[in-house]
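Residue numbers are given in the working numbering: position 123 of the sequence shown equals residue 155, and the series is strictly consecutive. To start, the structure under review is shown below, and the notes come after it.
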Amino acid sequence: FSCNEVKNNSNEFLRNSSSKNITFIIDLKVNENSTEDLNQFINEITENVLKSESFCLEYAYYISEDKKSITLYEKYDESSSGVKHGQNFINSPYFERFFNLFTLEKFIVTGPATKEFKDFALENGFMIDYRENVDGFKR
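Written as structure tokens, this is what we have:
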């Protein structure tokens, strides 16, 4: 079996510019003085999102080799789901623990973030770098 034998006969795709999905790309620094266990916390919060947020399409933590930096990648079906996730997060026991463990370095949102989402983020102190779709596709 080789990759050459795998054929993708699907010519169907969706232009990114017509997608309602929004994506969070969040760069975090692991706080050296944190009282949280990194792996345990990530497992707990990931399970919580998996079980309670069906509108979350992707949710993943990526760690640097030196274990000092994390990239959190989240994808939601639409902007209002990003607001709902934010509300859930702020009102959860994970919020304080998250900021005990991490320092937010950069927060990028890609896709069509609505005014409602942008207002929610600003009202709650999140400084976000918004990136609009230019072109691209997904199969």
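C-beta: ideal position from N, C-alpha, C; glycine also.
- Check the Cα spacing between Glu110 and each of Phe169, Gln72, Ala145: the tightest is with Ala145.
- Separation of Phe134 and Leu60 (C-alpha to C-alpha, rounded to the nearest whole angstrom) is 6 Å.
- Distance between Ser124 and Gly118, taken at the CA atoms: about 10 Å.
- Taking each of Gly168, Ala153, Met159 in turn and checking the Cα distance to Val115, the smallest one comes out for Ala153.
- If the five residues before and after Ile122 are omitted, its C-beta is found closer than 7 Å to the C-beta atoms of Asn156, all from its own chain and listed in chain order.
- Remark: fewer than three beta-carbon pairs, one from each stretch, lie closer than 8 Å, so the segment 47 to 61 and the segment 70 to 88 are not flagged as touching.
- Around Leu70, the same chain offers Val62, Leu133 as residues with beta carbons nearer than 7 Å, after the five sequence neighbours per side are excluded.
- For Phe152, the enclosing alpha helix (DSSP H) begins and ends at 147 to 155.
- DSSP places Glu128 in the uninterrupted alpha helix (DSSP H) bounded by 126 to 133.
- A check of alpha carbon separations from Thr78 across Asn65, Phe130, Lys99 identifies Phe130 as the nearest.
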